[in-house]
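Participant:
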Amino acid sequence: MWRSPEPRKFYDIIIVGGGGHGLGTAYYLAKEHGLKNIAVIEKGWLGSGNTGRNTTIIRSNYLWDESAHLYDHSLKLWENLSTELNYNVMFSQRGVLNLAHNEHDIKEIKRRVSANQLNGIDSHWADPKEIKKLVPIMNINNCRYPVLGASFQPRGGVARHDAVAWGYAMRADELGVDVIQNCEVKKIRTKNGKVHGVETTRGIIRAKRIGVVASGHTSVLAETAGVRLPLQSKPLQALVSEPIKPVINTVVMSNAVHAYVSQSDKGELVIGAGTDGYNSFTQRGGYNIIEDTIRSIVELYPIFGKMKMLRQWGGIVDICPDASPIISKCEVEGLYFNCGWGTGGFKATPGSANLFAHTIAKDKAHSINAPFSLERFVSGRLVDEHGAAAVAH
Amino acid sequence: MLLIKCPYCGERDQSEFTNGGEAHVTRPKNPEQVTDREWAEYVFIRSNPKGIYYERWVHSHGCKKWFNAVRNTSTDEILLTYKIGETPPPIKKFQNTLKSPSGEPDVGSGNFTVKKP
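Structure below.
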C-alpha cells in the first residue's frame, strides 16, 4: 500500500495531519506542483481522526459565491477522483435533500437554491410530493415539524471515507512522499519569525514549510508557534445502525429538527448528530445530543423505531465564528493552516487539499481560497455559512 | 452528560445549563484607539486549550445566574465553579493529569473520566 519510512532529519515541506485533507495536500504538492522531499506526519493511523469519523456527505449547495466556488471545486474533483487515483473511493451521487420544516426554513432554503442556481450548482426546490417520491418511508405530515419542502442537489452524495485517505496515501507515496504514522507532532518550532521544524515523538524534524491540517487539534498546535486562531473545538457525534436491506437511496438532512441520515453500502443507517454546547477534546460527546437526534429520526421515519444502533462515536471538530474554513498563510513565514472546516469538512477533501497545496507551493492563496484567509477576521469580511452548514453550532 | 455545581443552587444536571464560552475576556478599555487587529482578537479569537479551561455557564433553567467554571477539556472534569466577580484561581492550582503537551493520553482518546477506578 505505502512505505513506512523512518523520518528524515529535514524536509522541504511537512504536512501535519494524515487525514484526507493532509494526504491529499501532499499528493497535489507532488503531482501538480512537482515538489519533492515532502512528509505527512500523523499521530495515529491514516484517517484515524475526522476522516474516519464523519458521515461522508458530499454536496456544494452553499449560499455565498465564495463558498459555492470552493465546495463546487471540490465536488468537481470528487467526480473524477476514482479515476485520478486509480482507486475506487466509492463516490455515489445519490443526491442530497435539505429539509424545510417551517416558514423561515422555506425562505432561507429557497434563497439558497436561487443563489446556487446563479452559481451553476444543480440545486432545486423540491415540494413535499417530490420528497415523498424520493423517500417513501419519510413521515412528512403526521409530525410536530411537518416537512414543507426541501432543496435537492442530485450531484451530491456520499463516498467511502477510508478509501479517500488510502487512495491519496498510495499515490502520494508513489510520488515519493514520506507518510509517517504513529508520530505525534508536539510543537512547532520557529526562529526569527520563520518556521524551523517540528518536535515529534520521534525526534526533531526540520522543515522549510509546514502545513497544519489537524482539525480539532489545529489551534493547540498553532499555539505552540505563538499563533492564535479563531477556532473552538467541540465533539461532533455520529452513529450507525445494524445493517438492513436498502430502504433509503438518497441523503436526507434536516437542520431544524437536527437529524440527517443516509444508508451505507453495507446497509447500515449512518446518522449524524450535533455538536456539544461546550468546548471539549473528549472524542465521545454528550448523550443528550444523540437522544435529540434519535428522537427526530424516529419521528421522521417511524419505520426505524425498533432498530438497534451498533456504534456511536465522536470526533473533535474545529469551528470558526462564521462556519467557513481557513486556508491561509499566517504571520509566521512558512507556516500554513487548513482548518476551521467544523462540522462539514469531508465534502471538501479534494478541493481543500488541492487549494492548500497551491497555497503552500506558491506561498500565495489560489483565487478560490483567497476569501478564506485569516485576514478576514481583521477586515470583517466573513463568509457566514451557518445556514448552509446544516449542523447547528 | 455532566453534573454541574451551580454556586447558588448546588449540583444539577447539565441540561439545566447553557455554556457561555471562555471566561475573563475583557473588552478593550479605549475602544476608539483600538486597531482592527486588536478588535479581531477581542471579537473572534478565544482560547481553545486541550486541558485546563476557564469558562462561563448560565443556569438557564434554574436560578438564571451566570457563574464561572474551571474544566479540563480533555476529560470534561469540572474542577471548580465560582461566582462572577470572584478572583479566578491560578492555573497552577490545577493538575493537568495529561502526559503529552497536546494532551493525548497513552491509550484511548481522552475517555478516562469513565475509566477511573
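Residue numbers (this note's numbering), protein chains in the order written: chain L, 1040 to 1432; chain U, 21 to 137. C-beta atoms are modelled at their ideal positions from N, C-alpha and C, and glycine is treated no differently. Please read these numbers as outputs of a predicted model, since none were measured by experiment.
Hey, Ser1280 of chain L and Ser1258 of chain L: beta-carbon distance below 8 Å or not?
Facilitator: Position 241 of the first sequence, counting from 1, holds the residue named residue 1280 of chain L. Position 219 of the first sequence, counting from 1, holds the residue named residue 1258 of chain L. No, they are not a contact pair.
Participant: Identify the residues that DSSP records as bridge partners of Lys1368 of chain L: which are they?
Facilitator: Mapped onto the first sequence, residue 1368 of chain L falls at position 329. Lys1368 of chain L pairs with L:Tyr1375.
Participant: Rounded to a whole number of angstroms, what is the C-alpha to C-alpha distance between Gly1134 of chain L and Ser1418 of chain L?
Facilitator: Numbered from 1 along the first sequence, position 95 holds the residue referred to as residue 1134 of chain L. Numbered from 1 along the first sequence, position 379 holds the residue referred to as residue 1418 of chain L. The alpha-carbon atoms of Gly1134 of chain L and Ser1418 of chain L are separated by roughly 36 Å.
Participant: At a cut of 8 Å, does the segment 1051-1069 of chain L reach the segment 1242-1249 of chain L through at least three beta carbon pairs?
Facilitator: Segments in contact, yes.
Participant: Whole angstroms are fine: how far does the CA of Ser1319 of chain L sit from the CA of Tyr73 of chain U?
Facilitator: Here residue 73 of chain U corresponds to residue number 53 of the second sequence, with the count starting at 1. Here residue 1319 of chain L corresponds to residue number 280 of the first sequence, with the count starting at 1. In a straight line, the C-alpha of Tyr73 of chain U is about 10 Å away from that of Ser1319 of chain L.
Participant: Using a 10 Å radius around the Cβ and a threshold of 16 neighbouring Cβ atoms, would you call Ser1099 of chain L buried or exposed?
Facilitator: Sequence index remark: in the first sequence, residue 1099 of chain L carries index 60 (1-based). Per the 10 Å Cβ criterion, buried.
Participant: Count the CB pairs spanning the segment 1228-1242 of chain L and the segment 1365-1372 of chain L that are closer than 8 Å, and state whether there are at least three.
Facilitator: yes
Participant: Which residue wins for smallest C-alpha separation from Phe64 of chain U, given the options L:Ser1113, L:Arg1420, L:Ala1427 and L:Ala1428?
Facilitator: Counting from 1 along the second sequence, the entry for residue 64 of chain U is found at position 44. Of the listed residues, the one whose Cα sits closest to Phe64 of chain U is L:Arg1420.
Participant: Taking one C-beta from the segment 1097-1114 of chain L and one from the segment 1384-1395 of chain L each time, how about it: are there three or more such pairs within less than 8 Å?
Facilitator: yes
Participant: I'd like to know whether the C-beta atoms of Gly1088 of chain L and Gly1379 of chain L end up nearer to each other than 8 Å.
Facilitator: Residue mapping note: residue 1088 of chain L aligns to position 49 of the first sequence, counting from 1. Residue mapping note: residue 1379 of chain L aligns to position 340 of the first sequence, counting from 1. No. Outside cutoff.
Participant: Taking 8 Å as the CB-CB limit, is Asp68 of chain U close to chain L?
Facilitator: Position 48 of the second sequence, counted from the start, is the residue given in the question as residue 68 of chain U. Residue identity check: residue 68 of chain U is Asn in the sequence provided, not Asp. Taking Cβ atoms only, chain L reaches closer than 8 Å to Asn68 of chain U, which makes this a yes.
Participant: Kindly list, in the order they appear in chain L, the residues whose Cβ is closer than 9 Å to that of Ser94 of chain U.
Facilitator: Taking the second sequence and counting its residues from 1, one reaches residue 94 of chain U at position 74. The contacting residues are Ser1319, Phe1320 and Thr1321.
Participant: Just curious, the alpha helix (DSSP H) that Arg1151 of chain L is in, first and last residue?
Facilitator: Translated into positions along the first sequence, residue 1151 of chain L becomes position 112. Residues Glu1142 to Leu1157.
Participant: Restricting to runs no shorter than 4 residues, where is the alpha helix (DSSP H) found entirely within the segment 1158-1216 of chain L?
Facilitator: Within the segment 1158-1216 of chain L, the complete alpha helix (DSSP H) segments at least 4 residues long are 1167-1173 and 1200-1213, listed from N- to C-terminus.
Participant: Kindly say whether Ser28 of chain U, judged by its beta-carbon, lies nearer than 8 Å to any beta-carbon of chain L.
Facilitator: Taking the first residue of the second sequence as position 1, residue 28 of chain U is located at position 8. For clarity, residue 28 of chain U is Tyr in the given sequence; the question names Ser instead. So no, Tyr28 of chain U is outside the interface.
Participant: Kindly indicate which residue of L:Gly1188, L:Phe1343 and L:Ala1198 has the alpha-carbon position closest to the one of Ser1121 of chain L.
Facilitator: For the purposes of this step, residue 1121 of chain L is taken as the residue at position 82 of the first sequence. The residue with the shortest Cα to Cα distance from Ser1121 of chain L is L:Ala1198.
Participant: His1143 of chain L: buried (16+ other C-beta within 10 angstroms of its C-beta) or exposed?
Facilitator: Numbered from 1 along the first sequence, position 104 holds the residue referred to as residue 1143 of chain L. So His1143 of chain L counts as exposed.
Participant: Can you tell me whether Gly1324 of chain L is helix, strand or coil according to DSSP?
Facilitator: The residue given as residue 1324 of chain L occupies position 285 in the first sequence. Correct three-state label for Gly1324 of chain L: coil.
Participant: Quick check on the burial criterion: 16 or more other C-beta atoms within 10 angstroms. Buried or exposed for Trp1117 of chain L?
Facilitator: Taking the first sequence and counting its residues from 1, one reaches residue 1117 of chain L at position 78. By the neighbour-count rule (16 or more Cβ atoms within 10 Å), Trp1117 of chain L is buried.
Participant: Within 10 angstroms of its Cβ, does Tyr1067 of chain L collect 16 or more other Cβ (buried), or is it exposed?
Facilitator: Within the first sequence, numbered from 1, the residue matching residue 1067 of chain L stands at position 28. Buried, since its Cβ has 16 or more Cβ neighbours within 10 Å.
Participant: Which same chain residues, not among the five before or five after Leu1136 of chain L, have their C-beta less than 8 Å away from its C-beta?
Facilitator: Here residue 1136 of chain L refers to the residue found at position 97 when the first sequence is read from its first residue. Annotation for Leu1136 of chain L: Ala1165, Ile1170, Leu1173, Val1174, Ala1189, Ser1190, Phe1191, Thr1289, Val1290, Val1291 and Met1292 place their beta carbon closer than 8 Å to its own, counting only its chain and skipping 5 residues before and after.
Participant: Look up Ser1301 of chain L in the DSSP assignment and give the residues it is bridged to.
Facilitator: As a first step, residue 1301 of chain L must be located in the first sequence, where it is residue number 262. Per DSSP, L:Val1309.
Participant: What are the boundary residues of the beta strand (DSSP E) that includes Leu1138 of chain L?
Facilitator: Translated into positions along the first sequence, residue 1138 of chain L becomes position 99. First-last of the beta strand (DSSP E) with Leu1138 of chain L: Val1135 to Ala1139.
Participant: Can you find the residues in the same chain that come closer than 8 Å, C-beta to C-beta, to Ser120 of chain U, ignoring five residues on each side of it along the sequence?
Facilitator: In the second sequence, counting from the first residue as 1, residue 120 of chain U sits at position 100. Confidence in Ser120 of chain U is poor, its pLDDT being 49 and thus under 50, which makes the residue's placement too unreliable to answer from.
Participant: For Asn131 of chain U, would you say it is in contact with chain L, using Cβ-to-Cβ distances shorter than 8 Å as the test?
Facilitator: As a first step, residue 131 of chain U must be located in the second sequence, where it is residue number 111. Model confidence at Asn131 of chain U stands at a pLDDT of 46, short of 50, so the residue's coordinates are unreliable; what they give is reported in the following sentence. Interface residue, yes.
Participant: Name the chain L residues that come within less than 7 Å of Tyr73 of chain U, Cβ to Cβ?
Facilitator: For the purposes of this step, residue 73 of chain U is taken as the residue at position 53 of the second sequence. Here the neighbours are Asn1318.
Participant: Val1266 of chain L touches chain U at which residues, Cβ-Cβ below 7 Å?
Facilitator: Residue mapping note: residue 1266 of chain L aligns to position 227 of the first sequence, counting from 1. Residues of chain U passing the Cβ test: none, with the nearest at roughly 10 Å.
Participant: Between Gly1057 of chain L and chain U, is there a C-beta pair that is closer than 8 Å?
Facilitator: Translated into the one-based positions of the first sequence, residue 1057 of chain L becomes position 18. So, not an interface residue.
Participant: Applying a beta-carbon distance threshold of less than 7 Å, which residues of chain U neighbour Tyr1326 of chain L?
Facilitator: As a first step, residue 1326 of chain L is located in the first sequence; it is residue number 287 there, counting from the start. The answer, in chain order, is Met21.
Participant: Do you know whose CA, among L:Phe1343, L:Thr1094 and L:Gly1206, lies nearest Lys1284 of chain L's CA?
Facilitator: To locate residue 1284 of chain L, count along the first sequence from 1; it is residue 245. Nearest C-alpha to Lys1284 of chain L: L:Phe1343.
Participant: So, for His76 of chain U: in the same chain, excluding its five sequence neighbours on each side, which residues have a beta-carbon less than 7 Å away from its beta-carbon?
Facilitator: On the second sequence, residue 76 of chain U is found 56 positions in, with the first residue counted as 1. The sequence as given places Arg at residue 76 of chain U; His does not occur at that position. Closer than 7 Å at the Cβ level, and outside the excluded window around Arg76 of chain U, lie Gly40, Gly41, Ala43, Trp86 and Asn88.
Participant: Report all residues from its chain with a CB closer than 6 Å to the CB of Glu1307 of chain L; omit the five preceding and five following residues, and keep chain order.
Facilitator: Looking up residue 1307 of chain L in the first sequence gives position 268. The answer, listed in chain order, is Val1279, Ser1280 and Pro1282.
Participant: Taking Cβ-Cβ distances shorter than 8 Å, what residues in chain L pair up with Ala1 of chain U?
Facilitator: The requested residue 1 of chain U does not occur in the structure, where chain U is confined to residues 21 to 137.
Participant: So Ile65 of chain U contacts chain L; which residues on that side make the cut at Cβ distance below 8 Å?
Facilitator: For the purposes of this step, residue 65 of chain U is taken as the residue at position 45 of the second sequence. Near Ile65 of chain U (Cβ distances below 8 Å), the residues of chain L are Arg1267, Leu1268, Pro1269 and Phe1416.
Participant: Are Ala1011 of chain L and Val1224 of chain L close, meaning C-beta to C-beta below 8 Å?
Facilitator: No statement about residue 1011 of chain L is possible, as the shown extent of chain L runs from 1040 to 1432 and does not include it.
Participant: Going by DSSP in three states, Glu1081 of chain L sits in which element: helix, strand or coil?
Facilitator: Counting from 1 along the first sequence, the entry for residue 1081 of chain L is found at position 42. In the structure shown, Glu1081 of chain L sits in coil (DSSP, three-state: anything other than H, G, I, E or B).
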